[in-house]
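For the sequence shown, the UniProt record's numbering assigns the number 2 to the initial residue and increments by one for each residue that follows.
Backbone N, C-alpha and C fix where the C-beta goes; we use that ideal spot for every residue, glycine too.
Treat the numbers as computed from the prediction; the structure is a model and nothing was measured.
Shown next, in structure tokens, is the structure this report addresses.
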Amino acid sequence: NSSAPVDTAGKSDTPLRGDYSAMAADYTVPQGWEKITAEEHARWRTLYDRQSALLPRYAAPEFLRSLERLDARDGVPHFDRASELLHQATGWALVAVPGLLPNDVFFRHLAAKRFPVTNWLRDADEMDYLVEPDVFHDFFGHVPLLMHPVFADYLQAYGAKGAEAAAHGGLERLARLYWYMVEFGLINTGSGLRAYGAGMLSSRGETQYCIESPEPNRVGFDLERVMRTRYRIDDYQETYFVLDSFDQLFQATAQDFLPLYAKLEGLPDLPANQVQAGDRLFTAGRRAA
Ligand code: HBI
Ligand code: FE
């Protein structure tokens, strides 16, 4: 399979796994659901059951409720069927893609309320970690919150910022916002912090680590702070940001980002493992410098 010319915000430039040879201009491909083997459906159930067991204790209640409505336990979901449910709930649809997309293509899909879902499943020896997002990360991790109206509206507004960011040097800021608040976000509930990020909830280790470990910093969400903070793609996060509500994230994204990009130009990036003066601290990590 040819490696696509994909700029994924600094992700590894090794050839990508998916088959990009038969894709449409917008990088979509047929899901190929009928070609999924019984062994792959069984692997999906193993991943699904393993993660579901952790959700009551660690996941945001909205995530748990939405996942149940998707009824996706029996095997790799059929994207068109899930899209019907999704469309009724928030007007979104799923599109099958071979894997990571160039930023501009990815943002264009989000702006049009289309969520790109990878159409292949990890191998049996990658149950705990894989470099690129597969269908389990994308569907189990991302799709439940697309059923939540406020979060779905946030993601559409986020995608709409993409073209403008590309034209004003804001792509890396936007990638950080996605990374910290879509992939690795925590939310403060009446009964403590809960995970809602796709990167955490599709990973057995990080689902527990992000709530239980004394290692990472847990800092109250602040848009500028997030846009200035570097991240790593190859290990558990050193800082997690905490929302008071999904509406907080939607409101933050409703504002004009251009003055922000200009202001942040003159400020240094922040390392992921340090607490900053002015941080609203939930927990200071053991390694906080
Ligand atoms: N492509 N398929 C896919 N899924 C993603 O989550 C994704 C992507 N391309 C780029 C990307 N994420 C990030 O760089 C975003 O911040 C843009
Ligand atoms: Fe993701």
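TODO: From the DSSP output, read off the bridge partner residues of Asn218.
DONE: Here residue 218 refers to the residue found at position 217 when the sequence shown is read from its first residue. Asn218 is bridged to Thr240.
Task: Range of the contiguous beta strand (DSSP E) that encloses Asn189 - done: Within the sequence shown, numbered from 1, the residue matching residue 189 stands at position 188. Run containing Asn189: Leu187 to Thr190, per the beta strand (DSSP E) assignment.
Open item on the list: Quick check on the burial criterion: 16 or more other C-beta atoms within 10 angstroms. Buried or exposed for Glu207?
Closed with: Position 206 of the sequence shown, counted from the start, is the residue given in the question as residue 207. Buried, since its Cβ has 16 or more Cβ neighbours within 10 Å.
Open item on the list: Does the beta-carbon of Ala97, which I'm using as the reference point, lie nearer than 7 Å to any heavy atom of the ligand FE?
Closed with: As a position in the sequence shown, residue 97 is number 96, starting the count at 1. Ala97 Cβ: outside cutoff for every heavy atom of the ligand FE.
- [ ] Could you tell me the boundaries of the alpha helix (DSSP H) in which Arg58 lies?
- [x] If you number the sequence shown from 1, residue 58 lands on position 57. Leu56 to Tyr59 is the extent of the alpha helix (DSSP H) around Arg58.
Open item on the list: Under DSSP, the beta strand (DSSP E) around Thr119 begins and ends at which residues?
Closed with: In the sequence shown, counting from the first residue as 1, residue 119 sits at position 118. Per DSSP, Thr119 belongs to the beta strand (DSSP E) from Arg115 to Thr119.
Open item on the list: If I follow the unbroken beta strand (DSSP E) through Val98, where does it start and stop?
Closed with: Here residue 98 corresponds to residue number 97 of the sequence shown, with the count starting at 1. Here the beta strand (DSSP E) through Val98 covers Ala94 to Val98.
Open item on the list: If the criterion is Cβ atoms closer than 8 Å, does the pair Asp135 and Trp121 meet it?
Closed with: Here residue 135 is taken as the residue at index 134 of the sequence shown, counted from 1. Here residue 121 is taken as the residue at index 120 of the sequence shown, counted from 1. In contact: Asp135 and Trp121 (Cβ atoms closer than 8 Å).
Open item on the list: Can you tell me which residues form a DSSP beta bridge with Tyr171?
Closed with: Taking the sequence shown and counting its residues from 1, one reaches residue 171 at position 170. Inspection of the sequence shows that residue 171 is occupied by Gly rather than by Tyr. Answer is none; Gly171 lacks a bridge partner.
Open item on the list: Quick check on Ala125: does DSSP put it in helix, strand or coil?
Closed with: Within the sequence shown, residue 125 is the residue found at index 124, counting from 1. Residue state, collapsed to three classes: helix.
Open item on the list: Quick check: does the Cβ of residue 318 come within less than 7 Å of any heavy atom belonging to the ligand HBI?
Closed with: Residue 318 is absent from the model: the chain starts at 2 and stops at 290.
TODO: Return the chain-ordered list of same chain residues with a C-beta closer than 6 Å to the C-beta of Arg281, the five sequence neighbours on each side being excluded.
DONE: In the sequence shown, residue 281 corresponds to position 280, counting from 1. Hits under 6 Å: Gly221.
Open item on the list: Under 7 Å: does the beta carbon of Pro134 sit that close to some heavy atom of the ligand HBI?
Closed with: The count along the sequence shown starts at 1 and reaches residue 134 at position 133. Flag set: Cβ of Pro134 near the ligand HBI.
- [ ] Please say whether Ile188 and Tyr179 have beta carbons closer to each other than 8 Å?
- [x] Within the sequence shown, the letter at position 178 stands for residue 179. Within the sequence shown, the letter at position 187 stands for residue 188. In this structure, Ile188 does not lie closer than 8 Å to Tyr179 by Cβ.
Open item on the list: Do Leu86 and Arg70 have their beta-carbon atoms positioned less than 8 Å apart in this structure?
Closed with: Here residue 70 corresponds to residue number 69 of the sequence shown, with the count starting at 1. Here residue 86 corresponds to residue number 85 of the sequence shown, with the count starting at 1. In contact: Arg70 and Leu86 (Cβ atoms closer than 8 Å).
Task: Backbone secondary structure at Phe64 - three-state DSSP - done: For the purposes of this step, residue 64 is identified with residue 63 of the sequence shown, where counting begins at 1. Helix.
TODO: Note the first and the last residue of the continuous beta strand (DSSP E) segment covering residue 293.
DONE: The displayed coordinates of the chain run from 2 to 290. Any statement about residue 293 would go beyond what the structure contains.
Open item on the list: For a quick check, are the C-beta atoms of Phe242 and Val227 less than 8 Å apart?
Closed with: Locating residue 242 in the sequence shown gives position 241, where the first residue counts as 1. Locating residue 227 in the sequence shown gives position 226, where the first residue counts as 1. In this structure, Val227 lies closer than 8 Å to Phe242 by Cβ.
Task: His42, buried or exposed, once every other Cβ within 10 Å from all chains shown has been counted against 16 - done: As a first step, residue 42 is located in the sequence shown; it is residue number 41 there, counting from the start. So His42 counts as exposed.
Open item on the list: I want to check one thing, is the minimum distance from the CB of His88 to the heavy atoms of the ligand FE below 7 Å?
Closed with: The count along the sequence shown starts at 1 and reaches residue 88 at position 87. Answer for His88: no, Cβ out of range of the ligand FE.
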